[in-house]
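All remarks here apply to the structure that follows.
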Amino acid sequence: MIFTSNALSVRFFAETEFWFSFIKVAAIVLFILIGGCAVFGVLPIQGYDHAPLFENFVKDGLFPNGWMPVFTTMLTVNFAFSGTELIGVTAGETKDPNKAIPKASHTTLFRLVIFFIGSIVVMASLIPWQDAGVDESPFVLVFNSIGLPFAGDVMNFVVLTAILSAANSGLYASTRMLWSLANEDMIPHNIAKTNSRGVPMTALRLSMIGGLLALLSSVVAASTVYLVLVSVSGLAVVIVCFQQFGPSDRLRTSRSSCIRTTVTSTIRKPKPGRLIPPVPNRPSPIWYRNGSTREPDSLEDAAERLQTISEP
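Sequence positions in the sequence shown follow numbering that gives the first Met the number 0 and run 0 to 311.
In structure tokens form, the structure reads like this:
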């Protein structure tokens with residue numbers, strides 16, 4: 000299903016991803032609302048005869064096991080937050096990237112605060128840290144404590160949908176990344192070949208094979224291989240982030256500005272199915288289909304045009 004979603008057309012991929020994302024976002028919003036009501040005593044929760052508020056945050060101190068667990072989990076956290084670059088990847092196949100991409104990047108932080116931090120605050124408020132674990136979903140623990148029926152079945156469906164969504168968007172991004180590398184002759188150029196619908200099928204097949212091989216981590220040394228893959232991916236995100244914050248040839252840039260810089264070379268009439276890197280000698284995962292492109296003369300040129308299209 001994931002392969003078909005990406006192989007048919009980018010429009011079909013977008014529609015599929017929209018509904019996958021809608022289900023998981025709706026579940027998180029409901030969790031925050033229902034859990035928030037339990038936190039403030041509007042709904043009863045098992046084990047409390049009063050509103051729990053935020054007592055679980057401070058009952059045993061903010062860091063009952065010290066600071067080291069915080070640092071040891073950071074690679075996994077970085078891995079979980081590594082999907083925001085997909086905004087830049089989709090720029091070239093967006094109907095109006097000059098408006099849509101800056102708007103999407105500007106609202107990303109707000110959405111992360113609501114969905115990630117909001118749900119974490121609710122979980123930490125309702126679940127004592129001694130009871131939290133990997134044997135049962137914290138979402139299910141909260142819903143069961145509140146007394147909602149069929150919480151486990153519903154959340155299993157939501158988790159399955161979230162997995163499909165992550166696989167769908169990951170396959171899309173990986174395919175366009177391979178296309179970009181092939182277009183720059185960093186890997187065999189025939190990988191950049193597209194079909195009549197503008198889909199790089201060779202890159203898509205290779206990405207799918209890589210994804211299927213990664214599934215072996217669930218059966219081959221499941222307790223170690225998966226953690227290694229997550230740690231390597233998280234470390235790669237950290238390295239890339241530090242590179243973005245470090246000095247470049249002419250311009251210091253942040254991670255968010257780099258995402259938006261990827262769309263600054265969009266001008267009027269691109270050839271269908273073409274991807275042109277916006278910065279010379281730096282492959283960029285932008286897939287142009289509607290409008291022409293040109294490479295900026297320098298990073299200052301890219302930043303100047305970025306400021307132009309980002310201003311309200």
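Ideal Cβ placement from N, Cα and C applies to all residues, glycine included.
These numbers were taken from a predicted model, which means no experiment stands behind them.
Between which two residues does the alpha helix (DSSP H) carrying residue 81 extend?
Counting along the chain, residue 81 falls outside any alpha helix (DSSP H), and DSSP gives it neither H nor E.
Among the candidates 233, 164, 192, 218, whose CA atom is the shortest distance from the CA of residue 18?
For the residues 233, 164, 192, 218, the minimum Cα distance to residue 18 belongs to 164.
Classify residue 174: buried if its beta carbon has 16 or more other beta carbons within 10 angstroms, exposed otherwise.
It counts as buried.
Cα separation between residue 41 and residue 61?
Using only the alpha carbons, I get a separation of about 25 Å.
Out of 228, 170, 184, which one is the CA nearest neighbour of residue 200?
When only C-alpha atoms are compared, the closest one is 170.
Measure the Cβ-Cβ separation of residue 190 and residue 114 and say whether it is below 8 Å.
Not in contact: residue 190 and residue 114 (Cβ atoms no closer than 8 Å).
Grab me the residues of residue 237's own chain with a C-beta within less than 6 Å of its C-beta, minus the 5 sequence neighbours each way, in chain order.
77, listed in sequence order.
Under 8 Å, do residue 229 and residue 75 count as touching if we go by C-beta distance?
It is a contact, given that the beta carbons lie within the stated cut-off.
Of all the options 108, 138, 147, which has the alpha carbon lying nearest to the alpha carbon of residue 158?
Considering only alpha carbons, the answer is 138.
Can at least three beta-carbon pairs, one atom from the segment 38 to 57 and one from the segment 114 to 131, be found at a separation below 8 Å?
As far as the Cβ criterion goes, the segment 38 to 57 touches the segment 114 to 131, which means the pair count is three or higher.
CA-CA distance, residue 307 and residue 96?
Model confidence at residue 307 stands at a pLDDT of 47, short of 50, so the residue's coordinates are unreliable; what they give is reported in the following sentence. Computed Cα separation, rounded: 13 Å.
In the structure shown, what three-state DSSP assignment does residue 48 receive?
The answer is coil: DSSP assigns residue 48 none of H, G, I, E or B.
Is it a yes or a no for the segment 84 to 93 touching the segment 172 to 186, going by three-plus beta-carbon pairs under 8 Å?
Counting Cβ pairs under 8 Å, three or more are found: they touch.
So residue 136 packs on residue 154, CB below 8 Å; how close in whole Å?
About 6 Å separates the two Cβ atoms, so the contact holds.
Can you tell me whether residue 129 is helix, strand or coil according to DSSP?
Three-state result, residue 129: coil.
With respect to the alpha helix (DSSP H) encompassing residue 4, which residues constitute its N-terminal and C-terminal limits?
Element bounds for residue 4: 1 to 7.
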